[in-house]
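J.: Before we start, here is the structure in question, set down as structure tokens.
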Amino acid sequence: MTEDFAAVAGTGAGMRSGWLPWASARVALALALLGPAEAFGGTRDEWVRDLVLQLKMHRRVPPEAKDKGGKAKVVFEIDRDGRLRFAALLESTGEPALDQEALAMVERSQPFAPPPREWPDEELRFTLPVVFVPLRPSGVLSDEIAANDKALKAKLNTICRGC
354 MTEDFAAVAG TGAGMRSGWL PWASARVALA LALLGPAEAF GGTRDEWVRD
404 LVLQLKMHRR VPPEAKDKGG KAKVVFEIDR DGRLRFAALL ESTGEPALDQ
454 EALAMVERSQ PFAPPPREWP DEELRFTLPV VFVPLRPSGV LSDEIAANDK
504 ALKAKLNTIC RGC
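Residue numbers for the sequence shown follow my numbering, so the first one is 354 and each next one is one higher.
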């Protein structure tokens, strides 16, 4: 069984997209059976949240691809001690630098916290979508931003003279 993270690893200082861990259908069913008290804030949920945050902290934007975008999908597996067993690219962004970064992010994130004891060994394989959003607008969009920026400055000057 592969645990899926419907996660978005946005690129850029604004980080327009956040990371959201979603359990697979099997895990979601198990959490629903536990009831509301155990389903939220339990050991398993906290571990998944920490895992996602750790991955997010190690995300970088390759300088040569900062104006590129795309979605990569990485599969990785950890052992009971939190060590990375393997990571592989399942889907490419079409940009080699972004694909390499998606894999490198997982590599840099290790070691991970050991999973909770109740987490079955066969569920220690995860699928992680990584979405890269271009940092710089290009073409017509940058002209539109420049025009809007001038209009905004003109409007502010009429409201707030000298500020």
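For each residue, glycine too, the CB sits at the ideal point set by N, CA and C.
(1) Across the region 399–414 and the region 464–473, are there enough close Cβ pairs to call them in contact, namely three or more that are closer than 8 Å?
(2) Alpha carbon to alpha carbon, how far is L443 from E476? Give it in angstroms, no decimals.
(3) What residue range is occupied by the uninterrupted beta strand (DSSP E) comprising T396?
(4) Output the distance between the C-alpha atoms of D502 and R470, rounded to the nearest integer angstrom.
(5) Could you round the C-beta distance between F485 and G435 to whole angstroms and report it? I think they count as a contact, below 8 Å.
(6) Excluding the 5 residues flanking R461 on each side, which residues of the same chain have their C-beta closer than 7 Å to its C-beta?
(7) Does DSSP put K424 in a helix, a strand or coil?
(8) Just the C-alpha distance for P449 and L509, rounded to the nearest angstrom, thanks.
(9) Just tell me which of T396, V427, W400 has its CA closest to the CA of L481.
T.: Considering the structure as presented:
(1) yes
(2) Taking the sequence shown and counting its residues from 1, one reaches residue 476 at position 123. Taking the sequence shown and counting its residues from 1, one reaches residue 443 at position 90. Each residue's alpha carbon lies about 18 Å from the other.
(3) On the sequence shown, residue 396 is found 43 positions in, with the first residue counted as 1. From DSSP, T396 is part of no beta strand (DSSP E) but of the alpha helix (DSSP H) over 396–410.
(4) In the sequence shown, the residue the question calls residue 502 occupies position 149. In the sequence shown, the residue the question calls residue 470 occupies position 117. One C-alpha to the other measures close to 54 Å.
(5) Locating residue 485 in the sequence shown gives position 132, where the first residue counts as 1. Locating residue 435 in the sequence shown gives position 82, where the first residue counts as 1. In fact, because the Cβ distance is near 26 Å, the residues do not count as touching under 8 Å.
(6) If you number the sequence shown from 1, residue 461 lands on position 108. These residues qualify, in order along the chain: H411.
(7) Here residue 424 refers to the residue found at position 71 when the sequence shown is read from its first residue. Strand, per DSSP.
(8) Looking up residue 449 in the sequence shown gives position 96. Looking up residue 509 in the sequence shown gives position 156. Between the alpha carbons of P449 and L509 lies a gap of roughly 43 Å.
(9) For the purposes of this step, residue 481 is taken as the residue at position 128 of the sequence shown. When C-alpha distances from L481 are compared across T396, V427, W400, the shortest belongs to V427.
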